[in-house]
Each structure stands twice: as C-alpha cells, then as structure tokens.
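Numbering (the working numbering), first residue to last: 1265 to 1436.
What follows is the structure, given as structure tokens:
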C-alpha cells in the first residue's frame, strides 16, 4: 500500500493528515478479527496501519516506510500482535515506527493488549499503555538516526503493565 502522499499533497491540514492511513482497521460495534500478512505501507501523511477500536489484529512480516505518525498506530480497545516488522524512515520529519495512543469509548473504558516481537526501526517507539491493559515488546532494535530529528522512545503505563525485553533503544 503506497499512499504516495508527498506527490499528492504539498501541504495538508492536521485532520486530513491524521485520517490518511494506508489501511484503517475500525469497528465500533462487535470485535472483528483481522490478519495482515506479508504487506508493506509507505509514504503516508498519517499512519501505515491505523488500528482503531474493537479488533483482534495479527500482523506478520510487515514493512513500513516513511509513514508520518507511525508505521503502525494503535488506539485503545484492541488486541494487537505484531511479528517481524521492519520500519524505516528515510525522509526528514517522518517518524514511522510504532505509536500507541490512549483513548476511550463512550463509557470511558480503555483496554489494549499489545505484543510486538522482532521489530527493527530507525523511527520512533512511542508506547502508552492504558489502565487495565498490557504491552509486551520483545527484540526491538532501534537503529541509529540523525540527531536533529525527534525519534527515540517514549513509554508510559498509567495503571497498565508494559514489559520490554531483549531490546536496544536509543534516545533522540
């Protein structure tokens, strides 16, 4: 999936940019089962994969390149497992990498179960784990990146649990 956003948009507004994922996985009624195998997303002004509320999503052998907000962005109320992911950012100002965000449904409940195994990135690693949620990051290798870019890693787990093992992470 190639959004080719840089030739389509010279300047975008933030709303359009946030809603411009290569692939959006969304459902607000019942939980849906999604499998993404052997795919790539590139050149998105928003996300590569944008996983929103109520899904059990499994992603295997995934590649993301130059996705502005994140190669994969997860927004609460989902169970997401990612295995074997290469995330690269070659264009200045592109974060790519992983981005999880706290959000709530109409009841204010937030729940996320996130597992990422075997990721190589020169992009960001930004993981926020909500209340009553879990995150497991294993074998995450963050490659060197230009010092004048905001990348690095950010973790928070307010009322949730985040485990990071066997990983190399860098500050930005």
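Ideal placement from N, C-alpha and C gives every residue a C-beta, glycine not left out.
Please read all numbers here as calculations on a predicted model, not as lab measurements.
Taking the Cα positions, residue 1343 is about 8 Å away from residue 1375. Under the three-state reduction of DSSP output, residue 1392 falls in the strand class. Taking the C-beta atoms as reference points, residue 1327 is found nearer than 8 Å to residue 1350. In terms of Cβ geometry, residue 1345 and residue 1314 do not form a close pair [threshold 8 Å].
Cβ-Cβ distances below 7 Å link residue 1301 to 1324 and 1325 in the same chain, with the five nearest sequence neighbours on each side left out; the list follows chain order. Around the C-beta of residue 1292, fewer than 16 other C-beta atoms lie within 10 Å, and the residue is accordingly described as exposed. When the five nearest sequence neighbours on each side are left out, the beta carbons in the same chain lying within less than 7 Å of the beta carbon of residue 1266 are those of 1306 and 1307, in order along the chain.
Residue state for residue 1341 is assigned as coil, using DSSP reduced to three classes. When beta bridges are read from the DSSP output, residue 1383 appears opposite 1349 and 1404.
In the displayed model, residue 1292 falls within coil according to three-state DSSP, outside both helix and strand. Between residue 1332 and residue 1310, the beta carbon gap of about 6 Å places them in contact (Cβ cut-off 8 Å).
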